[in-house]
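Per my numbering: the sequence shown = residues 257 to 404. Just so you know, even glycine gets a beta-carbon here, dropped at the ideal spot from N, CA and C. Bear in mind the structure is a predicted one, so any value in this text is a computation, not a measurement.
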Amino acid sequence: MNTYQRFLLMLAIAFCVVYMVLYLDVDNTDHIFLSMPHFYRTLLIVSPMAILILLMVPKTYTSMKMNNIIMGASGVVFLVSLIFLQNQTFMKDTQYLKAMIPHHSAAIMTSKTVTIKDPRVIKLSQQILHSQEDQLDQMKKLLKEMQQ
257 MNTYQRFLLM LAIAFCVVYM VLYLDVDNTD HIFLSMPHFY RTLLIVSPMA
307 ILILLMVPKT YTSMKMNNII MGASGVVFLV SLIFLQNQTF MKDTQYLKAM
357 IPHHSAAIMT SKTVTIKDPR VIKLSQQILH SQEDQLDQMK KLLKEMQQ
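Encoded structure:
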């Protein structure tokens with residue numbers, strides 16, 4: 257395996273790791289659903305990594321032609337992913353729910369575990385916790401109905 261094949265393998269592994277790490281803030285593992293926004297965010301993280309790696313270890317990756325192709329492709333992937341994320345491209349009803357469930361779960365986890373003292377913020381945190389739990393339950397029910 258040459259250095260560029262290892263480079264692509266490293267990016268593929270990094271993609272998988274980053275994709276999983278983006279779900280570490282959920283309150284419960286059953287709130288994890290694969291979704292397009294997480295896919296786009298992962299590409300937004302990994303594509304600049306490709307450029308940074310090439311720039312930081314130039315003695316390892318010596319083909320200027322390959323480096324330029326990879327950097328150009330990484331730039332395009334970054335821009336397309338950003339546009340797709342901002343426009344919610346390929347998002348339909350079920351994809352929307354799959355994206356929102358982990359988002360709400362993160363709000364629940366934050367509201368449950370945050371250390372706050374101001375009574376107004378505590379009250380707001382409790383309101384967020386209850387509303388997010390209710391909405392999350394609704395979304396899971398809808399998703400289950402839609403997938404039958």
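Ranking Ser-381, Asp-374, Tyr-296, Met-356 by CA distance to the CA of Leu-399 puts Met-356 first. In the same chain as Tyr-296, and ignoring 5 residues on each side of it, the C-beta atoms closer than 7 Å to its own belong to Ser-337, Phe-340, Leu-341, in chain order. For Asp-374, the secondary structure class from DSSP, reduced to helix, strand or coil, is coil. C-alpha of Leu-280 to C-alpha of Thr-316: approximately 33 Å in a straight line.
With a threshold of 16 other beta carbon atoms within 10 Å, Phe-346 falls short and is exposed.
With a threshold of 16 other beta carbon atoms within 10 Å, Val-302 meets it and is buried. Ranked by Cα distance from Asp-349, the first of Asn-284, Ser-291, His-287 is Ser-291. The beta carbons of Ala-363 and Gln-388 sit about 5 Å from each other, so the pair counts as a contact at 8 Å. Counted as a single uninterrupted DSSP element, the alpha helix (DSSP H) harbouring Val-336 occupies residues 320 to 343. Here Asp-283 is buried. Its C-beta has 16 or more other C-beta atoms within 10 Å. Within a 10 Å sphere around the beta-carbon of Leu-335 sit fewer than 16 other beta-carbons, which makes this residue exposed. Rounded to whole angstroms, the gap between the alpha carbons of Gln-403 and His-294 is 20 Å. Contact annotation: Leu-267 and Thr-298 have beta-carbon atoms that are not nearer than 8 Å.
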